[in-house]
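J.: Sequence order for the protein chains is A and B.
All residue numbers for the first sequence refer to the UniProt record's numbering, where the first residue is 1 and numbers rise by one.
All residue numbers for the second sequence refer to the UniProt record's numbering, where the first residue is 1 and numbers rise by one.
Take this structure, written in structure tokens, and hold onto it; I'll ask about it next.
2 protein chains.
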Amino acid sequence: MAQQHLEPTNPTARPVPADALAGYLRAQATEFLRALRLHRETGPGPNGAGAHTAQNAGGGEPGVDAARALRRAARRLSGTLHTFQPLLNAEWAETMRPELAWLSGTLGLEHSYASRLERLLQALHRLSGSSAFPAQSAGATVAVAAAHAARPAGAASAPDRGSLTVGAAKAGALLDRQLTLARTRAHSTALQALGSARFHAVADKVALLASEVPLEAAAATADLRPLAAAAEGRLTDAVAALPLVTAGHPYNAEALVHGLAPDPAPHPQDAPWHQVRLLLRLHRYAREVLAGDGAPVDVRLLAAGQALNRHRDASEAAAAAAQAARTPRIAPATAYALGVLHADQRHEVEAARYAFQHSWQKEAVGTRP
Amino acid sequence: MAQQHLEPTNPTARPVPADALAGYLRAQATEFLRALRLHRETGPGPNGAGAHTAQNAGGGEPGVDAARALRRAARRLSGTLHTFQPLLNAEWAETMRPELAWLSGTLGLEHSYASRLERLLQALHRLSGSSAFPAQSAGATVAVAAAHAARPAGAASAPDRGSLTVGAAKAGALLDRQLTLARTRAHSTALQALGSARFHAVADKVALLASEVPLEAAAATADLRPLAAAAEGRLTDAVAALPLVTAGHPYNAEALVHGLAPDPAPHPQDAPWHQVRLLLRLHRYAREVLAGDGAPVDVRLLAAGQALNRHRDASEAAAAAAQAARTPRIAPATAYALGVLHADQRHEVEAARYAFQHSWQKEAVGTRP
């Protein structure tokens with residue numbers, strides 16, 4: 001299987017001692033504390049001054065960067081505790097993991113809503129084919145543009161011709177209202193979480209972890225590779241269960257099946273892909289643990305992971321469009337635009353599966369000796 | 001260019017005399033008259049007893065088969081007159097062609113509406129993922145199923161859960177109403193056409209053609225191949241102007257651009273593809289003329305043609321869904337379903353372009369020496 005071909009878990013390579021695990025956990029704990037300090041210094045973050053630039057990836061807003069770094073470290077700690085749990089103090093790890101998962105989940109929600117809105121407004125922009133939309137603007141600008149887009153065009157042509165574009169604008173305004181509300185709530189929840197006793201207990205434990213990792217006695221002579229290989233095995237098993245033959249066939253129209261079914265959100269067919277996304281992440285973290293500081297970036301794993309992120313984002317965006325369409329008393333033109341948008345995002349789901357299948361096949365071929 | 005590789009127009013092969021053209025025209029004229037006789041014997045066709053089975057391809061309904069054969073012969077006569085016009089009596093050909101085009105256009109409309117409805121209802125069925133829909137039924141059954149689909153499911157779940165599926169059913173009923181009306185009108189128009197003096201004049205001319213083809217004097221020493229090659233040249237030029245690089249890249253999301261633009265129907269980006277579809281047909285008929293009775297079926301041309309037919313059908317179905325969404329006073333759930341349906345059919349347009357690109361590339365490779 002694939003785990004025999006990947007360098008870090010190759011059984012012919014040398015054993016990896018538990019020191020590597022301890023070093024990794026200490027480094028992530030340190031990173032967590034650094035991000036937390038930065039977060040406290042830079043204020044409440046995205047819902048403060050730069051409310052609509054949370055999705056400004058790689059951008060200079062320190063609050064956003066700190067929140068992202070905090071989530072990143074929390075995910076890595078949680079994932080590593082999961083994969084290498086047999087080598088760690090069981091009680092400690094079992095208490096720690098759900099707390100870290102709660103934290104990264106709570107902190108991630110606000111960002112999710114912001115990027116979902118961004119994705120949906122950009123899709124509306126693309127679907128409207130209107131030059132009134134700025135091509136690469138941040139959320140707020142697009143939302144405003146969406147609300148006013150092509151009204152001149154609509155006014156210039158026959159009234160029924162303009163109605164669908166007014167529909168796109170209204171759909172954009174509706175999504176903006178609903179997702180901004182959800183995001184504001186998530187922001188408050190995150191702020192409350194960061195001020196809670198529960199959070200301080202986690203932070204204290206992470207601070208302890210930064211200086212001392214509670215390894216089991218057995219860890220002294222252990223090799224990390226079998227546990228990393230087991231994580232990879234869970235991934236490859238889950239990938240093998242995916243409908244990859246269908247996914248590799250372009251335009252299979254699979255993702256939109258049940259697009260008008262009674263309960264279109266969440267899509268049950270997406271669940272195995274979401275699961276693979278999580279397992280791929282655990283595999284990636286295990287590779288980082290084994291490789292230490294010199295972890296080579298596997299571009300294929302990266303591409304596969306990005307495809308699965310896109311899959312998740314499009315799946316959730318499609319659900320949000322379907323959800324918005326259930327708002328009482330919306331205009332038919334708004335509902336029509338939301339229907340087009342929903343289908344467009346399900347199309348994106350299908351495209352992401354195709355991209356995943358593609359990068360995954362490449363990996364299997366590329367790493368064979 | 002490709003015309004040098006295809007057997008019938010290969011300049012190294014032997015000249016093809018005008019006899020082949022005369023023979024082909026006589027054969028098509030005879031076929032036209034046979035179909036016309038059959039049509040008169042079997043009655044008014046699709047809108048008679050079997051009103052909802054017009055799209056029952058290959059099926060046993062004689063009226064439908066006769067109408068199809070009539071259109072088929074009229075298209076071949078018209079196309080052949082176009083491609084080989086320099087060898088035919090100019091005045092005769094110039095009078096004849098628009099009449100044949102009028103006839104095949106008029107006779108084809110009813111079938112178009114019927115198959116458009118069939119396509120849209122089957123798509124609604126697929127999108128509803130409902131087992132209440134029979135998988136492979138003809139129009140009427142699907143329409144009835146669409147109108148009632150999943151109402152039990154909707155009733156069993158929460159009201160808002162059911163609304164979208166009720167939307168699909170209502171969308172199906174609305175499309176059924178609108179396209180059946182259009183089809184009924186097209187049927188009347190076709191019947192009127194078949195009883196008109198204009199039609200009888202065409203039929204008389206075709207009857208004359210069946211016995212004598214009005215060739216120009218120059219035809220006696222002419223070679224048909226340069227004119228066939230010119231038809232192929234027009235095709236390859238038009239194909240070269242298509243955005244095939246984009247089309248060959250799966251999930252390029254090009255077909256749904258402007259999906260919410262002020263005037264979504266007809267889609268201007270579809271026009272060059274429709275044009276290629278017509279030129280491909282002319283090329284195919286020219287090949288038939290040159291090859292005579294032993295015309296080998298070029299499976300690649302066939303696949304390319306089928307992809308372009310699918311492109312045209314999906315394009316028109318998408319426009320019909322968008323048009324239906326402009327019906328005043330429809331429910332938001334209906335409009336939502338029509339939006340999903342529109343996007344689904346635009347997705348089909350994109351898939352058809354991908355399929356065309358694929359089969360066309362195959363052809364270019366496959367016929368190179």
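Backbone N, C-alpha and C fix where the C-beta goes; we use that ideal spot for every residue, glycine too.
Treat the numbers as computed from the prediction; the structure is a model and nothing was measured.
For the alpha helix (DSSP H) containing asparagine 309 of chain A, name the first residue and the last one.
T.: Here residue 309 of chain A corresponds to residue number 309 of the first sequence, with the count starting at 1. From DSSP, the alpha helix (DSSP H) with asparagine 309 of chain A extends over 299-324.
J.: Please confirm whether threonine 165 of chain B has its beta-carbon closer than 8 Å to some beta-carbon of chain A.
T.: Numbered from its first residue, the second sequence carries residue 165 of chain B at position 165. Interface residue, yes.
J.: Indicate whether leucine 38 of chain B and alanine 207 of chain B have their beta-carbon atoms separated by less than 8 Å.
T.: For the purposes of this step, residue 38 of chain B is taken as residue 38 along the second sequence, with counting starting at 1. For the purposes of this step, residue 207 of chain B is taken as residue 207 along the second sequence, with counting starting at 1. Contact: no.
J.: Counting only the same chain and skipping the five closest in sequence on each side, list residues whose C-beta sits under 8 Å from that of alanine 304 of chain B.
T.: As a working note, residue 304 of chain B is residue 304 in the second sequence. Answer for alanine 304 of chain B: Leu280, Phe356, Ser359, Trp360 and Glu363, listed in chain order.
J.: DSSP has leucine 215 of chain B in a bridge; who is on the other side?
T.: Counting from 1 along the second sequence, the entry for residue 215 of chain B is found at position 215. Bridge partners of leucine 215 of chain B: B/Leu88.
J.: Three Cβ pairs or more, each shorter than 8 Å: is that satisfied between the segment 223-240 of chain A and the segment 324-336 of chain B?
T.: no
J.: So which residues of chain A does valine 338 of chain B contact, with C-beta pairs closer than 7 Å?
T.: One-based indexing of the second sequence puts residue 338 of chain B at position 338. Before going further, note that residue 338 of chain B is leucine rather than valine in the sequence given. Simply Tyr336 and Gly339.
J.: Taking the alpha carbon of leucine 191 of chain B as the reference point, which residue from B/Leu244, B/Thr106 and B/Gln122 has its own alpha carbon closest?
T.: To locate residue 191 of chain B, count along the second sequence from 1; it is residue 191. When each option's Cα is compared against that of leucine 191 of chain B, the closest is B/Thr106.
J.: When the Cα of arginine 326 of chain A is compared with those of B/Arg119, B/Asp223, B/Val166 and B/Pro250, which residue comes out closest?
T.: The residue labelled residue 326 of chain A in the question sits at position 326 within the first sequence. Looking only at B/Arg119, B/Asp223, B/Val166 and B/Pro250, the smallest Cα-Cα distance to arginine 326 of chain A is reached by B/Val166.
J.: Compute the Euclidean distance between the alpha carbons of alanine 247 of chain A and glutamine 269 of chain A, then round it to the nearest angstrom.
T.: Within the first sequence, numbered from 1, the residue matching residue 247 of chain A stands at position 247. Within the first sequence, numbered from 1, the residue matching residue 269 of chain A stands at position 269. Cα to Cα, the separation comes out at about 12 Å.
J.: What are the residues in the segment 74-87 of chain B lying within 9 Å of chain A by C-beta distance?
T.: The segment 74-87 of chain B vs chain A, Cβ under 9 Å: nothing.
J.: Helix, strand or coil for alanine 35 of chain A per DSSP?
T.: Start at 1 with the first residue of the first sequence, and residue 35 of chain A comes out as number 35. In the structure shown, alanine 35 of chain A falls within a helical segment according to DSSP collapsed to helix, strand and coil.
J.: With DSSP run on the structure shown, which of helix, strand or coil describes threonine 246 of chain A?
T.: As a first step, residue 246 of chain A is located in the first sequence; it is residue number 246 there, counting from the start. In this structure, threonine 246 of chain A counts as helix in the three-state DSSP scheme.
J.: Return the CA-CA distance between arginine 116 of chain B and lysine 170 of chain B, expressed in angstroms with no decimal places.
T.: Counted from its first residue, the second sequence places residue 116 of chain B at position 116. Counted from its first residue, the second sequence places residue 170 of chain B at position 170. Each residue's Cα considered, the two are about 17 Å apart.
J.: Given a cut-off of 8 Å, decide if aspartate 344 of chain B and alanine 29 of chain A are closer than it, judged by their beta-carbon atoms.
T.: Reading the first sequence from its first residue, position 29 is the one you call residue 29 of chain A. Reading the second sequence from its first residue, position 344 is the one you call residue 344 of chain B. Against a cut-off of 8 Å, the Cβ pair of aspartate 344 of chain B and alanine 29 of chain A comes out as no contact.
J.: Relative to the C-alpha of glycine 108 of chain B, which candidate in B/Leu120, B/Arg97, B/Glu91 and B/Arg183 has its C-alpha closest?
T.: Indexing the second sequence from 1 puts residue 108 of chain B at position 108. Ranking the options by Cα distance to glycine 108 of chain B, first place goes to B/Arg183.
J.: Do you know offhand how far isoleucine 330 of chain A's Cα is from glutamine 306 of chain B's?
T.: In the first sequence, counting from the first residue as 1, residue 330 of chain A sits at position 330. In the second sequence, counting from the first residue as 1, residue 306 of chain B sits at position 306. Computed Cα separation, rounded: 40 Å.
J.: Would you mind sorting glycine 58 of chain A into buried or exposed? The rule is 16 or more other CB atoms within 10 Å of its CB.
T.: What you label residue 58 of chain A is simply residue 58 of the first sequence in a count that begins at 1. Residue confidence is low: glycine 58 of chain A scores 45 on pLDDT, short of 50, so the model does not pin down where it sits. No coordinate-derived value is stated.
J.: So is glycine 294 of chain A buried or exposed if we call it buried at 16+ other beta carbons inside 10 Å?
T.: Locating residue 294 of chain A in the first sequence gives position 294, where the first residue counts as 1. Answer is exposed; the Cβ neighbour count stays below 16.
J.: Closest by CA to valine 340 of chain B, which one among B/Tyr354, B/Ala324, B/Pro328 and B/Ala352?
T.: The count along the second sequence starts at 1 and reaches residue 340 of chain B at position 340. Among B/Tyr354, B/Ala324, B/Pro328 and B/Ala352, the Cα nearest to that of valine 340 of chain B belongs to B/Ala324.
J.: Go ahead and pull the three-state DSSP assignment for arginine 329 of chain B.
T.: Start at 1 with the first residue of the second sequence, and residue 329 of chain B comes out as number 329. Residue state, collapsed to three classes: coil.
J.: Using only the alpha-carbon positions, how far apart do alanine 69 of chain A and alanine 320 of chain B sit?
T.: Here the question's residue 69 of chain A lines up with position 69 in the first sequence. Here the question's residue 320 of chain B lines up with position 320 in the second sequence. So the alpha carbons of these two residues sit roughly 50 Å apart.
J.: Starting from serine 359 of chain A, find everything on chain B with Cβ-Cβ shorter than 7 Å and list it in chain order.
T.: Indexing the first sequence from 1 puts residue 359 of chain A at position 359. Those within 7 Å of serine 359 of chain A in chain B number zero; the least Cβ separation is about 14 Å.
J.: So with Cβ pairs under 8 Å, would you call valine 257 of chain B a contact of chain A?
T.: The residue labelled residue 257 of chain B in the question sits at position 257 within the second sequence. Yes - at least one Cβ of chain A is within 8 Å of the one on valine 257 of chain B.
J.: Distance, Cα to Cα, alanine 351 of chain A vs alanine 231 of chain A?
T.: Against the first sequence, residue 351 of chain A aligns to sequence position 351. Against the first sequence, residue 231 of chain A aligns to sequence position 231. Cα to Cα, the separation comes out at about 27 Å.
J.: For alanine 66 of chain B versus leucine 100 of chain B, is the C-beta spacing smaller than 8 Å?
T.: To locate residue 66 of chain B, count along the second sequence from 1; it is residue 66. To locate residue 100 of chain B, count along the second sequence from 1; it is residue 100. No, these two residues do not count as a Cβ contact at 8 Å.
J.: Who are the neighbours of leucine 124 of chain A on chain B, taking C-beta pairs under 9 Å?
T.: The count along the first sequence starts at 1 and reaches residue 124 of chain A at position 124. Ordered by position in chain B, the residues that pass the 9 Å Cβ test against leucine 124 of chain A are Leu260.
J.: At a Cβ cut of 7 Å, what residues of the segment 207-228 of chain B count as close to chain A, listed as they run along the chain?
T.: none
J.: Along the chain, where does the alpha helix (DSSP H) containing histidine 274 of chain A start, and where does it finish?
T.: Taking the first residue of the first sequence as position 1, residue 274 of chain A is located at position 274. First-last of the alpha helix (DSSP H) with histidine 274 of chain A: 271-291.
J.: Looking only at its chain, what residues have a beta carbon closer than 7 Å to the beta carbon of alanine 20 of chain A, apart from the 5 residues adjacent to it on each side?
T.: Translated into the one-based positions of the first sequence, residue 20 of chain A becomes position 20. Answer for alanine 20 of chain A: Leu224, Val289, Leu290 and Gly292, listed in chain order.
J.: Give a yes or no on whether the minimum CB-CB distance between serine 172 of chain A and chain B is below 8 Å.
T.: As a working note, residue 172 of chain A is residue 172 in the first sequence. The sequence as given places glycine at residue 172 of chain A; serine does not occur at that position. Output row for glycine 172 of chain A: interface = no.
J.: From the beta carbon of serine 196 of chain A, is the nearest beta carbon of chain B less than 8 Å away?
T.: Taking the first sequence and counting its residues from 1, one reaches residue 196 of chain A at position 196. The beta carbon of serine 196 of chain A does not come within 8 Å of any beta carbon belonging to chain B, so the residue lies off that interface.
J.: Quick one: is histidine 200 of chain B buried, meaning 16 or more other Cβ sit within 10 Å of its Cβ, or exposed?
T.: Translated into positions along the second sequence, residue 200 of chain B becomes position 200. By the 10 Å Cβ count, histidine 200 of chain B comes out exposed.
J.: Residues of chain B with a CB under 7 Å from the CB of alanine 168 of chain A: which are they?
T.: Taking the first residue of the first sequence as position 1, residue 168 of chain A is located at position 168. Near alanine 168 of chain A (Cβ distances below 7 Å), the residues of chain B are Leu260.
J.: So for glutamate 99 of chain B, helix, strand or coil by DSSP?
T.: Residue mapping note: residue 99 of chain B aligns to position 99 of the second sequence, counting from 1. For glutamate 99 of chain B, the secondary structure class from DSSP, reduced to helix, strand or coil, is helix.
J.: In angstroms, rounded to a whole number, what distance separates the CA positions of histidine 125 of chain B and arginine 284 of chain B?
T.: Position 125 of the second sequence, counted from the start, is the residue given in the question as residue 125 of chain B. Position 284 of the second sequence, counted from the start, is the residue given in the question as residue 284 of chain B. Going from the Cα of histidine 125 of chain B to the Cα of arginine 284 of chain B covers about 35 Å.
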